[in-house]
Amino acid sequence: MRISSPARLLTVLVLLMATACGGASGGAVSASPSAKVHLEASYSELVPDSLALWGASDGGYFTKSNLEVNIQLIESAKGIPALLAGQTNLAVLGGSNALNAAVSGADLEVIAVLAPVYPYQLMVPASITAAQELKGKKVGVSSIGSSSDIATRVALKKLGLDPAKDVTIVAVGSSQNRIAAMYTGAIQGSVNQPPDTVAMKARGFHSILDLAGAKLPTANTGVVVQRSWASSHNGVVQRFIDALVQASVRVRKDAAFTVRVLKKWEKSDDTAAMQATASYYMKEIVPALPYPRPAMFKDALAVLATRNDAARTYDVSKLLNQSYVKSADNRGLGK
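Dropping the structure here:
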């Protein structure tokens with residue numbers, strides 16, 4: 002290459018530096034496939050909604066995409082603040098949490114939805130045999146406006162109950178906290194999912210509504226990024242989504258792999274419970290292609306509109322970016 006001036010030399014050096022960069026906090030447009038990139042990713046609850054994330058790690062799909070992904074558990078109420086503060090690059094959490102923040106002005110994108118239907122059963126103690134017996138009782142959710150809160154309100158309405166009048170909705174924290182509150186009698190209802198429901202049924206609790214079977218669309222768990230970060234790390238984000246899509250395909254097809262992943266991340270040696278959970282998620286929940294779609298946010302938007310007038314006119318489509326999943330789809334990664 003012939004360099005005829007200092008200005009041209011400077012231009013070439015800048016271009017070479019831009020190509021070489023691509024770390025999680027750098028300013029590169031994208032990282033080349035050959036450059037290993039470190040990312041910080043979070044998930045919000047110890048529930049199998051995150052199977053694609055866990056599977057991408059355990060199945061080597063992040064490594065295949067030349068990504069080094071540190072995965073940490075950050076509870077749902079703290080996931081968005083951590084993302085906005087730059088503590089994480091990508092957050093796997095409730096779509097309703099992202100919607101709440103976006104309506105309030107946060108510049109976020111939902112780039113995938115890993116649980117596109119409600120994965121819950123509404124669990125109650127043996128003493129409650131009919132939905133009407135929940136009247137006057139306490140029902141636990143993780144936090145107001147969370148995925149579990151939206152699901153609880155949808156479930157109660159399907160059972161003919163008014164969430165605002167017939168029950169008291171109490172924010173008690175994570176799924177594990179809700180289960181503990183059920184066991185002590187502090188609450189009398191909670192939406193839960195396998196493997197937690199397996200253990201709860203063994204202790205005499207039972208389901209009065211299976212939301213998963215109803216196949217109602219929701220963004221129960223999505224992949225969320227800051228728009229500005231994603232736009233300047235487009236190639237890295239695409240590699241991350243490619244890994245999730247490939248992991249989702251394997252999770253749906255390879256039961257032995259899915260059980261191994263669940264045992265590791267759920268920290269369980271209960272093979273029967275993990276097999277039941279794997280079967281449930283493989284058949285009912287995990288999508289081959291995790292497209293984020295506006296219909297998935299309908300319930301969350303309706304609930305949010307009762308507390309925030311800005312939600313009444315909010316265009317949810319501007320929160321969604323389907324391009325990464327579409328690219329993976331076009332290249333046949335979802336097969």
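For the sequence shown, the working numbering gives the first residue as 2, with consecutive numbering after it.
Glycine included, every Cβ here is placed at the ideal spot set by N, Cα and C.
Alpha carbon to alpha carbon, how far is residue j from residue i? Give it in angstroms, no decimals.
| i | j | result |
| --- | --- | --- |
| Asn309 | Gly106 | 12 angstroms |
| Ala182 | Ala200 | 14 angstroms |
| Ala203 | Ala36 | 49 angstroms |
| Thr64 | Gln88 | 22 angstroms |
| Asp270 | Thr307 | 43 angstroms |
| Leu11 | Trp230 | Note that Leu11 scores 36 on pLDDT, short of 50, meaning its location in the model is unreliable; the coordinates nonetheless yield the value given after this. Going from the Cα of Leu11 to the Cα of Trp230 covers about 26 angstroms. |
| Ser144 | Ala102 | 14 angstroms |
| Leu245 | Lys254 | 14 angstroms |
| Ala256 | Ala279 | 7 angstroms |
| Asn322 | Pro218 | 17 angstroms |
| Thr20 | Asn90 | Confidence at Thr20 is low in this model, with a pLDDT of 35, below 50, so its placement is unreliable and the value that follows should be read with caution. Roughly 20 angstroms between the two C-alpha positions. |
| Gly335 | Pro195 | 25 angstroms |
| Lys139 | Pro126 | 12 angstroms |
| Pro49 | Ala156 | 20 angstroms |
| Asp163 | Lys265 | 39 angstroms |
| Val171 | Leu47 | 20 angstroms |
| Ala165 | Gly236 | 45 angstroms |
| Thr169 | Phe298 | 24 angstroms |
| Ala303 | Arg154 | 11 angstroms |
| Glu134 | Asn193 | 19 angstroms |
Measuring CB to CB, does residue i end up less than 7 angstroms from residue j?
| i | j | result |
| --- | --- | --- |
| Asp197 | Ser176 | yes |
| Tyr62 | Gln247 | yes |
| Gly141 | Ile188 | yes |
| Pro293 | Ala213 | no |
| Arg332 | Gly60 | no |
| Ala337 | Val225 | Nothing in the structure corresponds to residue 337, since the chain is present only between 2 and 336. |
| Met339 | Ser191 | Not covered by the structure: residue 339. The range shown for the chain is 2 to 336. |
| Lys216 | Asp167 | no |
| Gln122 | Ser51 | no |
| Arg240 | Leu85 | no |
| Leu115 | Ala53 | yes |
| Gly146 | Ser97 | yes |
| Val326 | Pro291 | yes |
| Ser148 | Asn221 | yes |
Nearest CA to the CA of residue i: which residue from the options?
| i | options | result |
| --- | --- | --- |
| Ala132 | Ile145, Lys158, Leu54, Ser280 | Lys158 |
| Gln276 | Asn193, Thr259, Asp300 | Thr259 |
| Val173 | Asp167, Thr185, Leu162, Ala165 | Thr185 |
| Ile81 | Val70, Gly95, Val48 | Gly95 |
| Ala152 | Ser229, Leu305, Leu290 | Leu305 |
| His39 | Ala165, His234, Ala127, Pro117 | His234 |
| Gly205 | Ile129, Ala329, Arg253 | Ile129 |
| Ser249 | Thr169, Ser58, Asn90 | Ser58 |
| Leu160 | Pro195, Glu285, Asp211 | Asp211 |
| Val118 | Tyr281, Ala303, Lys336 | Tyr281 |
| Ile286 | Ala165, Gly223, Glu134 | Gly223 |
| Ser232 | Ser324, Ala329, Lys138 | Ser324 |
| Ala78 | Val155, Asp150, Ala303, Lys138 | Asp150 |
| Thr314 | Asp163, Val104, Ala83 | Val104 |
| Leu320 | Ala165, Glu46, Gln227, Gln194 | Gln227 |
Where does residue i land, buried or exposed, given buried means 16+ other C-beta within 10 angstroms?
| i | result |
| --- | --- |
| Glu267 | buried |
| Arg179 | buried |
| Gln73 | exposed |
| Ala312 | buried |
| Asp243 | buried |
| Asn71 | exposed |
| Asp316 | exposed |
| Pro273 | In the sequence as displayed, the identity of residue 273 is Ala instead of Pro. By the neighbour-count rule (16 or more Cβ atoms within 10 Å), Ala273 is not buried but exposed. |
| Ala329 | buried |
| Ile75 | buried |
Round the Cβ separation of residue i and residue j to the nearest angstrom and send it over; I've been treating them as touching at under 8 angstroms.
| i | j | result |
| --- | --- | --- |
| Leu100 | Ala301 | 5 angstroms |
| Val262 | Trp55 | 5 angstroms |
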